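What follows is a set of notes on a single structure, which appears directly below.
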Amino acid sequence: MDTTQRNLLWAVRDRSNRQAWVDFYSIYAPMVSGFVRRMGLPNADADDATQEIMLAAQAALEKGAYKPEKGKFRAWLFGVARNQARLAHRARRRPSRAQMIASDSSINPLAQLEDPHAEADRLIWEQEWRYALLGEALNHLRCELPDKEYQAFIRYGVNCRPVEQVADELGLSSSSVYVYKSRVVQALRKWTEQFEQE
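Here the numbering used here is used: the first residue of the sequence shown is 3, the next is one more, and so on.
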């Protein structure tokens, strides 16, 4: 997998590069899916919206619609995902005549004001970004780390099991469990920083 976001975003523009699409999808689809679900879409609609957002993002990258000099990719993808989630919400309910009129910003001056939910949506998006990136980093590091080191981190650092219990299960000393957790946390930081570098 490409180790930086920039390399991946460049590679996914080439439709014949299947591995780039797989890597792109494995990182961004869980984030998009979590986000649209937290925006209130039921599972079936969220799955459809996720597919549409991912395909739209790939097509936009292919056409050069995303401009790195204008901002980070995740901020751009947030706009795409948020708009798609709103469209899916609107499609699920049949609007009344009043709602149809209110949705026309040229008629309704209130529609031109800042959305009061925008900041909450951004916070949800940032959380989902962190979750997805950490999940991808863990998947990547699982192949790189010795099994006992990885297992010590998961059992103690993620599942919050007592250090003595983890040490007994893995045949380690308690101090080794602490050391392994620290090493994996450092490796996670390094991987995510390297991926996010612009």
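The beta carbon of each residue, even a glycine, is placed where N, CA and C say it ideally should be.
All figures in this text were calculated on a predicted structure; none of them were measured in a lab.
Local Cβ density within 10 Å of V38, reported as buried at 16 or more and exposed below that: Residue mapping note: residue 38 aligns to position 36 of the sequence shown, counting from 1. Around the CB of V38, 16 or more other CB atoms lie within 10 Å, so the residue is classed as buried.
Determine the extent of the alpha helix (DSSP H) in which E166 is found, giving its start and end residues. By 1-based counting over the sequence shown, the position of residue 166 is 164. Per DSSP, E166 belongs to the alpha helix (DSSP H) from 165–172.
Does DSSP put M41 in a helix, a strand or coil? To locate residue 41, count along the sequence shown from 1; it is residue 39. Coil, per DSSP.
Straight-line gap, Q86 to I55 (C-alpha atoms, nearest Å): One-based indexing of the sequence shown puts residue 86 at position 84. One-based indexing of the sequence shown puts residue 55 at position 53. So the alpha carbons of these two residues sit roughly 7 Å apart.
Between which residues of its own chain and E166 is the CB-CB distance below 8 Å, once the five residues before and five after are set aside? Indexing the sequence shown from 1 puts residue 166 at position 164. Cβ contact annotation for E166 (same chain, cutoff 8 Å, sequence separation greater than five): S176, in chain order.
How about Q53 and W23: do their beta carbons lie closer than 8 Å? Here residue 53 refers to the residue found at position 51 when the sequence shown is read from its first residue. Here residue 23 refers to the residue found at position 21 when the sequence shown is read from its first residue. Cβ atoms of Q53 and W23: not closer than 8 Å.
Own chain partners of D47 with C-beta closer than 6 Å, once the 5 adjacent residues on each side are dropped: Taking the sequence shown and counting its residues from 1, one reaches residue 47 at position 45. The answer, listed in chain order, is A90.
Supposed close pair A154, W193 - CB separation, criterion 8 Å: Taking the first residue of the sequence shown as 1, we reach residue 154 at position 152. Taking the first residue of the sequence shown as 1, we reach residue 193 at position 191. Not confirmed; about 18 Å, so no contact.
Distance check for R144 and F26, CA to CA, integer angstroms please. Your numbering for residue 26 matches position 24 in the sequence shown. Your numbering for residue 144 matches position 142 in the sequence shown. As the crow flies, the alpha-carbon of F26 is around 19 Å from that of R144.
Residues in its own chain within less than 7 Å of A31 by CB, not counting five upstream and five downstream? Taking the sequence shown and counting its residues from 1, the one referred to as residue 31 is at position 29. Hits under 7 Å: T52, M56.
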